[in-house]
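Below is one structure, written out as structure tokens; the observations come after it.
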Amino acid sequence: MPAISAPSNSDVESSEKQSSAADSTGNDDAGPTETLPDAGTDTAHASNPSVKPSEDHDTVRTIRGFKWFLVYSSLLSTVLFYALEATVVANIQPSIIETFGEEEKLPWIGIGVFLGSLAILPVGRAYAVFNLKWLFISACILFQAGSALGGAAPNMDAFIIGRVLQGVGAAGCYSGAITFISTLTSQHERPLYLSGIVAIWSVGSVVGPVIGGAFAQSNATWRWGFYINLCVGALTAPGLIFFLPNIDPAPKLSHKEKLLTQDWVAIVIFLAGSACFSMALTFGGIVYPFNSGSEIALWTLSGVLLIAFISVSIFHPLVATQNRLYPIHLVKRTELDILQFAILVNAGAMVTTLYYVPLIFQFTRGDGPLIAGVRLLPFLGGMISFSVLNGALMPRLGYYMPWYVLGTALILIGSSLMSTLSPSTSEARLYGYTVLIGGGCGSFFTAGFSVVQALVPVAELSNAISFMALGQTMGQIVILSLGGTLFQNIGSRGIKQIIPGISTQDAIHLTTGIHSSQFQSLGPELQAQVIAQVTLSIRNVFIVMVSTSALALIMSLSLSRRKIYGTQTK
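Each residue of the sequence shown is one higher than the last, beginning at 1 in the UniProt record's numbering.
Here it is, written out as structure tokens:
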């Protein structure tokens, strides 16, 4: 689930006046636009670790009643899109491989959308200066274009490109939704409304595999798992066009001036480096041997581009500090570093569970894609329940540190138990383990985006939330890529020992599911051995979660014990 950037330009007094006017002018696109607080001033507090929770940038929500319902539900609908497409392929990967072949590109079926979502960082910066409404709608259109390409793809490469386009569009939709909610709600009510995003994300994440599985088992085929977005998008478009408020964060700047504020050099370096890093992590040992020239080149380029990105983030004479793509000065704040790492672990744990739990049930219980997706419901229940509790209780009690300790502890316990699974592990135990992981993820999945808005002055909101956004998106990519690499390498190596003479490609194909013709051609004894080996490989995937969540738990104990809610709201 990629994340967010809050807009923050213009004048505070102008913002208050325009907010009052917004309620009376409604959402007339031809009418005056709302403006937001200035991001160009008062950055001194941002680097001060002892800064107290900010009390000077709270917002009074002016959109209420049925209109607020329409605005909020329209925003949530786009989050649902993203969640559906992030996970719709979770248990139809065997069907896609059967259609296109090219088993070595299996990890890209899931990683593609998250790679595209790395655009969250430049998109987040764009939300700080461009018209929120029309940038948001443009992102939705791009997402729909990616869905159309993914559904109509003639080969695996076109399918992957469609997934990447979906990721870019979804990043804009998701960050735009949270930007709108953060802009339109008060600090006290913000966690509750943000928890609604987690609830919708959780529903979409579980419904996605079910929908994909249903289409894969029908005459419609898996392609309709992507085409359906076009139908739903047509239904939700009127709500986005006619009811979203028209907000311009920087009304005094021309379109050309807004373009010039973007850190284009850093954007190119960041996206290129992210692509090289993702390919190095995903292709290692599967497409390219670890000691091959191609793999070494990818890692070398990743390192060089990382150094270049850090350099332009610190020393860029042509871009003002407040306009640089990555807010590197926030790294000096330990509190924000911990929050960023925690959300990285959270996002990685969530997508890993969503992708591998259905696979466990397909191999050990013989489930089809539809039933395997339904098996995620306990995980969904845990995530939604704890998310709603966090959204309701954190503002009331005022403390955020306990939620991080609780959440990381639950993820650690659940993933530790998952790392002990075997083909004979009972369904009740598996459900219990996933409830623990889901509860841990729900405890603080969006909490960080509320917390950072209380920890920094208004001038740093956009930077702080972009900082969190990168952690969330990198968690989805790094942990899922690392898990996929371990799964395929360990799985294929074990299968080659079980079936001497089998090629690496055929061994990888056997790890995609039990309904392939290749798996069905094996005798019962070999099938049982393959299932045991695949189960062992999945255990290693969850060991990655054990190590990362353990570190996150230790770091969470160092978070501040002070209250950040309760005193700001009148």
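The C-beta atom is built at its ideal place from N, Cα and C for all residues, glycine as well. Given the structure is predicted, the values throughout are model-derived calculations rather than measurements.
In angstroms with no decimal places, state the Cα-to-Cα distance between residue i and residue j.
i, j, result
"Leu-194", "Ile-181", "7 Å"
"Thr-364", "Phe-445", "30 Å"
"Leu-551", "Leu-115", "25 Å"
"Phe-487", "Val-544", "11 Å"
"Gly-196", "Phe-449", "13 Å"
"Thr-99", "Leu-526", "25 Å"
"Gly-491", "Ala-320", "49 Å"
"Gly-442", "Val-164", "26 Å"
"Pro-238", "Val-113", "26 Å"
"Ser-531", "Ile-502", "Rather than Ser, the amino acid found at residue 531 in this sequence is Ile. So the alpha carbons of these two residues sit roughly 16 Å apart."
"Phe-467", "Phe-242", "32 Å"
"Tyr-326", "Ser-117", "16 Å"
"Ile-314", "Ile-111", "30 Å"
"Gly-284", "Gln-362", "26 Å"
"Gly-273", "Phe-215", "36 Å"
"Gln-340", "Lys-258", "28 Å"
"Val-203", "Val-89", "15 Å"
"Lys-105", "Ile-286", "9 Å"
"Phe-386", "Lys-332", "31 Å"
"Tyr-431", "Val-546", "18 Å"
"Leu-330", "Pro-191", "22 Å"
"Ala-507", "Val-210", "27 Å"
"Leu-510", "Ser-516", "8 Å"
"Ala-428", "Thr-485", "29 Å"
"Gln-453", "Ile-338", "15 Å"
"Leu-149", "Ile-109", "14 Å"
"Ser-294", "Ala-392", "50 Å"
"Ser-50", "Tyr-400", "In this prediction, Ser-50 scores a pLDDT of 35, lower than 50, which makes its location untrustworthy; the coordinate-derived value is nonetheless stated afterwards. The alpha-carbon atoms of Ser-50 and Tyr-400 are separated by roughly 17 Å."
"residue 602", "Ser-426", "There is no way to answer for residue 602, as the model of the chain reaches only from 1 to 570."
Between the Cα of residue i and the Cα atoms of the options, which residue gives the shortest distance?
i, options, result
"Pro-317", "Arg-562, Val-265, Met-545 and Ser-274", "Val-265"
"Gly-398", "Ile-96, Glu-189, Ala-177 and Glu-98", "Glu-189"
"Met-418", "Glu-98, Val-388, Arg-539 and Gly-110", "Arg-539"
"Thr-334", "Thr-353, Met-555 and Gly-176", "Met-555"
"residue 612", "Ala-119, Val-478, Leu-142 and Leu-536", "Examination of residue 612 is not possible in this model, given that the chain is present from 1 through 570 alone."
"Ile-437", "Tyr-356, Pro-245, Thr-512 and Ala-528", "Tyr-356"
"Asn-323", "Tyr-72, Phe-542, Ser-73 and Pro-122", "Pro-122"
"Ala-83", "Phe-226, Gly-432, Lys-133 and Ser-138", "Phe-226"
"Val-207", "Pro-358, Phe-277 and Thr-473", "Pro-358"
"Leu-142", "Ala-170, Val-546 and Val-129", "Ala-170"
"Leu-336", "Thr-420, Asp-506 and Gly-471", "Gly-471"
"Val-198", "Leu-76, Thr-352, Arg-64 and Phe-66", "Leu-76"
"Trp-299", "Leu-281, Gln-476 and Gln-93", "Leu-281"
"Trp-134", "Asn-246, Ala-469 and Ile-120", "Asn-246"
"Ser-175", "Leu-522, Thr-473 and Gln-505", "Thr-473"
"Val-168", "Ile-137, Ser-186, Thr-183 and Pro-154", "Ile-137"
"Asp-248", "Trp-68, Asn-291, Leu-557 and Ala-128", "Ala-128"
"Met-394", "Asn-346, Thr-434, Ala-447 and Gly-439", "Ala-447"
"Ile-343", "Trp-403, Gly-373, Gly-368 and Gly-382", "Trp-403"
Evaluate residue i with the Cβ neighbour count: other Cβ atoms within 10 Å of its Cβ, from every protein chain shown; 16 or more gives buried, anything less gives exposed.
i, result
"Gly-26", "Confidence at Gly-26 is low in this model, with a pLDDT of 41, below 50, so the placement of that residue is unreliable and no value is reported for it."
"Gln-144", "buried"
"Ile-178", "buried"
"Cys-276", "buried"
"Leu-80", "buried"
"Ile-411", "buried"
"Pro-378", "buried"
"Pro-7", "Unreliable positioning characterises Pro-7 in this predicted model, as indicated by a pLDDT of 41, which lies under 50. The coordinate reading is nonetheless provided below. Label assigned to Pro-7: buried."
"Thr-420", "exposed"
"Asp-157", "exposed"
"Val-152", "Position check: residue 152 holds Ala in this sequence, whereas Val was assumed. Classification for Ala-152: exposed."
"Arg-125", "buried"
Using a Cβ cut-off of 8 Å (strictly closer), state whether residue i contacts chain C.
i, result
"Tyr-193", "Among the chains in the structure shown there is no chain C, since it carries only a single protein chain."
Considering only heavy atoms of the ligand GDP, does any lie closer than 7 Å to the CB of residue i?
i, result
"Val-357", "As far as ligands go, the structure on display features none, and thus does not contain the ligand GDP."
Worksheet item: Counting only runs that start and end within the segment 167-247, where is the alpha helix (DSSP H) found for 4 or more residues in a row?
Response: 190-216 and 224-243
Item to complete: Starting from the N-terminal side, write out each stretch of the alpha helix (DSSP H) that is 4 residues or longer and does not extend beyond the segment 111-176.
Response: 120-127 and 132-152
Item to complete: Counting only runs of 4+ residues fully inside the segment 401-473, write out the alpha helix (DSSP H) ranges in chain order.
Response: 401-418, 427-444 and 447-455
Item to complete: Quick one: which unbroken alpha helix (DSSP H) runs of 4-plus residues sit fully inside the segment 330-386? Chain order, please.
Response: 334-365 and 369-374
Worksheet item: Are the segment 248-265 and the segment 297-307 touching by the rule of at least three beta carbon pairs closer than 8 Å?
Response: no
Worksheet item: Is the number of C-beta pairs between the segment 497-517 and the segment 452-460 that are closer than 8 Å three or more?
Response: no
Item to complete: Kindly provide the ranges of any alpha helix (DSSP H) runs that are 4 or more residues long and lie completely inside the segment 480-504, ordered along the chain.
Response: none
Item to complete: Output the residue ranges of the beta strand (DSSP E) runs that lie fully inside the segment 503-558 and measure 3 residues or longer, sorted by chain position.
Response: none
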